Each structure stands twice: as C-alpha cells, then as structure tokens.
Amino acid sequence: MSTSSAPATGVAGADPAARARVLTDAATNGDRRALARLLTAVENRTPIAEAALRVLYPKAGRAHIVGITGAPGAGKSTLVAVLIAEARRAGRAVGVVAVDPSSPITGGALLGDRVRMQAHAADADVFIRSMASRGHAGGLAATSAAAAAVLDACDFDLVLIETVGTGQSEVEVAAAADTTVVLEAPEMGDEIQAIKAGLLEVADIVVVNKGDRPGAQRTASQLRAMLVAVARVGAADRGHHGATEGSVVPPSILTTRGRPRPKQPEVLITTATSGDGIPELLAALNRHRGLGREGPGAAARLARAQAQVWSILAERTRASLAESHRRAGTTAILQAVADHELDPFAAADRLLATLRE
Ligand SMILES: Nc1nc2c(ncn2[C@@H]2O[C@H](COP(=O)(O)OP(=O)(O)O)[C@@H](O)[C@H]2O)c(=O)[nH]1
Ligand SMILES: [Mg+2]
Numbered sequence: 000m001s002t003s004s005a006p007a008t009g010v011a012g013a014d015p016a017a018r019a020r021v022l023t024d025a026a027t028n029g030d031r032r033a034l035a036r037l038l039t040a041v042e043n044r045t046p047i048a049e050a051a052l053r054v055l056y057p058k059a060g061r062a063h064i065v066g067i068t069g070a071p072g073a074g075k076s077t078l079v080a081v082l083i084a085e086a087r088r089a090g091r092a093v094g095v096v097a098v099d100p101s102s103p104i105t106g107g108a109l110l111g112d113r114v115r116m117q118a119h120a121a122d123a124d125v126f127i128r129s130m131a132s133r134g135h136a137g138g139l140a141a142t143s144a145a146a147a148a149v150l151d152a153c154d155f156d157l158v159l160i161e162t163v164g165t166g167q168s169e170v171e172v173a174a175a176a177d178t179t180v181v182l183e184a185p186e187m188g189d190e191i192q193a194i195k196a197g198l199l200e201v202a203d204i205v206v207v208n209k210g211d212r213p214g215a216q217r218t219a220s221q222l223r224a225m226l227v228a229v230a231r232v233g234a235a236d237r238g239h240h241g242a243t244e245g246s247v248v249p250p251s252i253l254t255t256r257g258r259p260r261p262k263q264p265e266v267l268i269t270t271a272t273s274g275d276g277i278p279e280l281l282a283a284l285n286r287h288r289g290l291g292r293e294g295p296g297a298a299a300r301l302a303r304a305q306a307q308v309w310s311i312l313a314e315r316t317r318a319s320l321a322e323s324h325r326r327a328g329t330t331a332i333l334q335a336v337a338d339h340e341l342d343p344f345a346a347a348d349r350l351l352a353t354l355r356e
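Using numbering that gives the first Met the number 0, you'd call the opening residue of the sequence shown number 0 and step up by one each time.
Laid out in structure tokens, this is it:
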C-alpha cells in the first residue's frame with residue numbers, strides 16, 4: 000500500500016503534464032493513493048487526466064475489460080463481489096469501476112455496494128472505485144474507457160465496469176468493454192421486456208442471476224428465444240436499430256461490434272449469493288475474450304475506438320457550440336432567422352463555420 004507522504008500528493012501548482020507524470024509514475028509503481036487521484040481526475044475530466052492518459056494509454060491494452068449491466072436489483076454488485084473472489088483465487092488482480100447514475104442524495108445503493116465489497120478492502124490486488132455518471136450519458140464511454148485504461152496500465156488484468164442498464168448507459172459502457180455481460184433476474188416483470196431487447200443487443204454473455212428463485216430456468220429459456228429474435232432483427236435491419244436513436248455512439252458500434260456474431264451469446268444461470276455458477280461465468284468470460292482476439296475482435300476493437308473518440312468529439316462539439324452561442328454575433332444570426340432574413344440551415348452552417356475558426 001502507499002505511504003501518505005508520497006511525493007505524488009505534494010505537487011500543488013505544477014503544470015498538469017508534470018503533475019500527471021508524478022501521479023502516473025507512482026500509480027504504475029503500486030501507489031494506490033496516486034491511482035485513486037488519477038481516477039478522480041478522470042471522473043472530473045481535468046487536464047491532469049488527459050495528460051495522464053497520454054502516458055498511460057500505450058501501457059494499457061492487456062487487461063480483460065468486462066462490462067456488467069442490468070436492471071437495479073438484478074444482483075450486479077453481489078455478482079461483482081463473488082467474481083472478484085473467484086478471479087483472485089486464479090491469481091488475477093481485479094479493478095472495479097462502478098458507474099453510479101444516482102444523485103448524491105439517493106446514494107443508498109452505493110452504500111450497499113460498499114458493504115458488499117468490503118470483504119476485499121484489505122486486498123492490494125483489488126481496487127474498487129465508484130464514479131458518478133453526472134446525469135447524462137454523453138462522454139460515459141470515454142470516461143469508463145479512460146478509467147479502465149488507467150487500471151489496465153496499473154497491471155489490473157481483469158477490470159469490471161458495473162453500470163445500471165437504463166437504456167443508453169449500457170450502450171456507452173459496452174463501447175468501453177471487451178465483453179459485455181447483461182444480468183437478468185427471474186420474474187422481474189413484463190414492463191422490463193422492452194428494455195431487455197435493447198440490453199440484449201449489447202450482450203456478449205447473458206446471465207440469469209438469482210438461480211435460487213423459482214422461474215430461473217424459464218427466464219433463461221425465454222431469453223434464449225429473445226436472443227434468436229434479436230439476432231434475426233439485427234441481420235434484417237442492420238444499422239437501423241432503435242437503440243442507436245439519439246445516441247452519441249455511432250451506429251456502427253451496434254452493427255460492427257460482434258455482428259454477425261460468431262455465435263449467439265451464451266445464457267448462464269448464477270446464484271451470486273451462494274457463488275453457484277460463478278466458475279462457469281469466469282470460464283465463459285475467458286472463452287469470449289479468446290474469441291475477441293481473432294478476426295472479429297479486431298473489427299470490434301476498431302468500432303469501440305470509434306465509439307470512444309465519437310463520444311469525446313460529440314461532447315466537445317456541444318461545448319464549442321455552447322461557447323459560440325455566448326459569443327457576439329450568434330444572437331444576430333438567430334435574430335436573422337427569426338426575422339426570416341436567413342433560413343435555419345444557412346444559420347446552422349454559419350455557426351458550424353465559427354467552430355472551425
Ligand atoms: N435470492 C438471491 N438474491 C440475490 C442474489 N444476488 C443478489 N441478490 C440480492 O438482490 C439484492 C440486490 O442485489 P445487488 O447486488 O445490490 O443488485 P444491483 O442493484 O444489480 O447491484 C440484494 O438484496 C442481494 O442480496 C441471488 O443470486 N439470489
Ligand atoms: Mg449495484
């Protein structure tokens with residue numbers, strides 16, 4: 000573990016690149032406080048984070064990055080805790096990023112997660128970090144990917160990203176992960192059937208958790224049937240799936256990524272509370288990782304790179320637009336549209352041109 004007087008913590012005032020260098024040197028040498036600071040910088044998207052990533056990104060690329068998504072209460076955090084234990088038995092260092100979409104006021108779920116994961120608190124080869132998603136999906140792919148890259152560069156060889164599946168966020172997180180696990184629980188109600196289709200779209204492995212509950216087998220069969228339907232729709236309607244609408248992730252992430260899949264996602268049953276099915280899940284993760292290294296994996300990696308860069312680009316373009324709105328001249332252009340002296344398309348073109356200046 001780190002010492003509290005590490006030089007990493009005492010360089011106030013230095014420029015971002017210099018501060019980043021001190022932090023990355025310390026973090027890659029096992030200083031967990033420096034690692035925590037880097038992840039805070041990533042979460043807050045500070046200049047230090049960007050400078051650090053410039054150093055760390057070339058060192059990353061070895062970890063298996065696994066996204067775990069599903070409805071609240073499906074058992075994601077419980078599953079993550081037992082997966083950590085199983086991976087530790089295999090001698091792997093595990094990093095966890097829990098993307099928490101809740102506001103600080105409703106942080107109860109997060110507290111529960113902390114309690115569940117406390118078993119690993121003293122283990123230096125386990126690092127767990129919660130991150131707020133700041134109420135918007137934009138940039139989530141880039142932030143999650145950056146956090147995973149930092150852990151990857153610091154020699155964590157399994158990185159788990161837990162996120163609540165609410166629609167857009169899991170598509171973004173899938174863009175950061177090598178393998179996406181979608182977690183379901185038996186009998187969670189018909190109202191979630193609609194989201195399921197969107198969730199299944201990004202699944203590499205589907206897990207029915209709470210295998211101790213009645214209906215687990217039936218849910219697994221239903222999901223297998225749904226996966227057949229999703230694959231059929233995907234093949235017939237490539238690039239026009241509803242899940243991409245309004246997305247900051249380019250459509251190709253959903254079309255290129257794993258489709259046509261080498262085979263349908265596996266459906267497994269686990270009981271996170273007892274550990275039943277966890278070795279099988281870890282084996283399935285390893286199998287999928289093996290698949291990813293062959294031909295189709297290269298296309299998937301390229302699609303993910305595109306999604307991450309696109310995510311940053313979309314966010315920066317929005318910020319530039321907002322900035323240009325504040326500038327003098329914008330109001331005049333808008334007024335011209337209001338007065339029908341300029342059409343809205345020409346106005347948008349002019350504003351776009353100011354972005355390039
Ligand atoms: N019966 C049963 N309960 C489970 C299982 N896994 C998780 N739970 C419970 O389901 C609740 C929600 O779990 P949690 O991991 O917080 O779900 P998350 O919101 O998806 O992270 C908790 O009370 C867990 O103890 C399981 O396999 N079987
Ligand atoms: Mg949770």
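C-beta atoms are modelled at their ideal positions from N, C-alpha and C, and glycine is treated no differently. Predicted, not measured: the structure shown is a model, and the values here were computed from it.
Residue pairing by DSSP places residue 68 opposite 162, 181 in a beta bridge. In the structure shown, the three-state DSSP call for residue 275 is strand. Judged by pairs of C-beta atoms under 8 Å, the stretch 74-82 touches the stretch 200-219, as three or more such pairs exist. In the structure shown, residue 23 adopts helical secondary structure according to DSSP, grouped into three states.
Cβ-Cβ distances below 6 Å link residue 50 to 15, 16, 19 in the same chain, with the five nearest sequence neighbours on each side left out; the list follows chain order. Judged by beta-carbon spacing, residue 156 lies within the 8 Å limit of residue 61, meaning their Cβ atoms are closer than that value. Straight across, the Cα-Cα distance linking residue 216 with residue 321 is about 51 Å. With respect to the 8 Å criterion, residue 160 and residue 98 are classified as neighbours on the basis of their beta carbons. Per DSSP, the continuous beta strand (DSSP E) segment holding residue 265 begins and ends at 265-268. With a cut-off of 8 Å on Cβ pairs, the stretch 83-91 is in contact with the stretch 275-286, counting three or more such pairs. Taking each of 314, 325, 270, 304 in turn and checking the Cα distance to residue 79, the smallest one comes out for 270. CA-to-CA, the gap between residue 277 and residue 172 works out to about 22 Å. Here residue 56 really is in contact with residue 148; their C-beta atoms are around 6 Å apart, less than 8 Å. Going by beta carbons, residue 170 and residue 69 fall outside the 8 Å limit. Excluding sequence positions up to five before and after residue 27, its CB lies within less than 8 Å of the CB of 55, 58, 152, 153, 154, all in the same chain and listed in chain order. When beta bridges are read from the DSSP output, residue 319 appears opposite no residue. Look at residue 274: its beta carbon is at least 7 Å from all of the heavy atoms in ligand 1. Look at residue 227 here: in three-state DSSP terms it is helix.
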